[in-house]
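See below for the structure under consideration.
Number of protein chains: 2
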Amino acid sequence: MFSKATEYALRATIYIAQKSSDKNKPGMAEIAKAIDSPQSFTAKILQLLTKNNKIVSSVRGPNGGFFLTDKAKKLPVRSILEAMGEDEVLEKCVLGLKQCSEAKPCPMHTNYKLIKGQLIDLFETKSIQSLADEFENGGAKLNNRIK
Amino acid sequence: MFSKATEYALRATIYIAQKSSDKNKPGMAEIAKAIDSPQSFTAKILQLLTKNNKIVSSVRGPNGGFFLTDKAKKLPVRSILEAMGEDEVLEKCVLGLKQCSEAKPCPMHTNYKLIKGQLIDLFETKSIQSLADEFENGGAKLNNRIK
DNA sequence: ATAATTAAGGATAAATTTGTCCTTAATTAT
DNA sequence: ATAATTAAGGACAAATTTATCCTTAATTAT
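As they're listed, the protein sequences go chains A and B. Numbering-wise (my numbering), the first sequence opens with residue -14 and increments by one. Numbering-wise (my numbering), the second sequence opens with residue -14 and increments by one.
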């Protein structure tokens, strides 16, 4: 569904939401290990999320690392997709048709739009914080290693 | 959602379902033009669909081209995804976690699985033929050019 | 039989995505 | 002030996806 870069972005952001506080800010090495992603590549992605788009915040130096502002925690998960430039996946025609619309529907349109609507709703409704919370409560794990 | 190759595969197969008959078999040039895809690349994809996996059939020589057997027309759309090796998209965890499951759900799991179920159902239930029919009845267009 | 037509298949190239490495800049602790 | 730590950023490399081109094989029409 999403690119690896976006998958890493989602996992990293959720991890940061869980682990960061005023006292403790996970660094890129810790994050990459925790979510089982390539470290340098993840660093690039964190740069993206930190820079233009204000999803993630960071501080350099000893005890530095990444964290989320209270404002950022309330952002919908979709904002991560937007920051990664992969937001269109939620809107696009399944067949990849540029002119597919209500007026000129592709053969999948009518059925697919209902599903797409739910996808959009899910990514709009869920906040970054609420995902982190679900992690804490459920047995959910973010790392990707198979033991 | 899907790769370009798979989008072309879906469009091409639907087009063939519409246009082919005993008398008339669209060739790769016609198909590529109709669905607005790069010709040589589309030819490769048609080879894939023709070869191992028996989605599409073909005949060479003058008046040759591509067509679908009656059996193939009844195949679920999902079989095209399988032939393209992109079937896993329907099953995969949104966050890309290999060990995400009912037992070890990721933070998105519970909500996403409902949507995924509908996606799978859609691709399982719809047959190639039924899509072609919807095209004929509705105003749906397969080409991708913006006029 | 021959020529024309069309898909099959191989080799290769271009573009994009994924990934690494090294240097620089900022911040902190001493 | 100095050294240590950590993110930022640039340059580059590998892998994958997308795409083109050319030759070969099959089939048909003449």
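Glycine included, each C-beta is placed from N, C-alpha and C at the ideal position.
Run through DSSP, which three-state label would residue i get?
i, result
"Val44/B", "strand"
"Gly50/A", "strand"
"Lys132/B", "With a pLDDT of only 42 at Lys132/B, under the threshold of 50, the placement of this residue in the model should not be trusted, and no figure is reported."
"Ala17/B", "helix"
"Gly12/B", "coil"
"Val74/A", "helix"
"Asp106/A", "helix"
"Glu119/A", "helix"
"Glu67/A", "helix"
"Asp7/B", "coil"
"Met(-14)/A", "coil"
"Leu82/A", "coil"
"Lys133/A", "Since the first residue shown for chain A is -14 and the last is 132, residue 133/A is missing from the structure and cannot be characterised."
"Lys56/B", "helix"
On the DSSP bridge list, what partners appear for residue i?
i, result
"Pro134/B", "Nothing about residue 134/B can be read from this structure; chain B reaches only from -14 to 132."
Between which two residues does the alpha helix (DSSP H) holding residue i run?
i, result
"Ser33/B", "The question names Ser, but residue 33/B in the sequence shown is Leu. 24 to 35 is the span of the alpha helix (DSSP H), which, as asked, contains Leu33/B."
"Ala(-10)/B", "-11 to 4"
For residue i and residue j, what's the separation of their Cα atoms in angstroms?
i, j, result
"Thr35/B", "Ala14/B", "16 Å"
"Pro23/B", "Val44/A", "47 Å"
"Tyr(-4)/B", "Ile20/B", "Note that residue -4/B is Arg in the sequence shown here, rather than Tyr. Distance between the alpha carbons of Arg(-4)/B and Ile20/B: 6 Å."
"Cys78/B", "Thr54/B", "35 Å"
"Glu73/A", "Leu75/B", "18 Å"
"Ile113/A", "Met69/A", "15 Å"
"Asp118/A", "Ile105/B", "29 Å"
"Pro61/A", "Pro92/B", "14 Å"
"Asn9/A", "Asn48/A", "8 Å"
"Ile131/A", "Lys89/B", "In this predicted model, Ile131/A has a pLDDT of only 49, less than 50, meaning its place in the structure is not dependable; the value taken from the coordinates is given anyway. Answer to the nearest angstrom: the Cα atoms are 12 Å apart."
"Ile40/A", "Ser(-12)/B", "28 Å"
"Gln3/B", "Lys29/B", "21 Å"
"Ala57/A", "Gly50/B", "55 Å"
"Lys101/A", "Ile(-1)/B", "21 Å"
"Gly12/B", "Ala(-10)/B", "18 Å"
"Tyr97/A", "Asn37/B", "29 Å"
"Ser6/B", "Met(-14)/A", "35 Å"
Chain-ordered residues of the region 46 to 67 of chain A with a beta carbon less than 9 Å from chain B: Of all residues in the region 46 to 67 of chain A, those with a C-beta nearer than 9 Å to a C-beta of chain B are Val62, reading in chain order.
Determine which residues of the region -10 to 15 of chain A have a Cβ less than 9 Å from any Cβ of chain B, and write them out in chain order. The region -10 to 15 of chain A vs chain B, Cβ under 9 Å: Thr(-9), Glu(-8), Tyr(-7), Leu(-5), Arg(-4), Ile(-1).
Where the region 80 to 92 of chain B meets chain A: residues whose CB sits under 9 Å from a CB there: For the region 80 to 92 of chain B, which is checked against every Cβ of chain A, the residues closer than 9 Å are Leu80, Gly81, Leu82, Lys83, Gln84, Cys85, Ala88, Lys89, Pro90, Cys91, Pro92.
Interface positions of the region 28 to 40 of chain A facing chain B (Cβ-Cβ less than 8 Å), listed along the chain: Cβ contacts with chain B come from no residue of the region 28 to 40 of chain A.
Residues within the region 97 to 112 of chain A neighbouring chain B, beta-carbon criterion of under 8 Å: Answer set for the region 97 to 112 of chain A: Tyr97, Leu99, Ile100, Gln103, Leu104, Leu107, Lys111.
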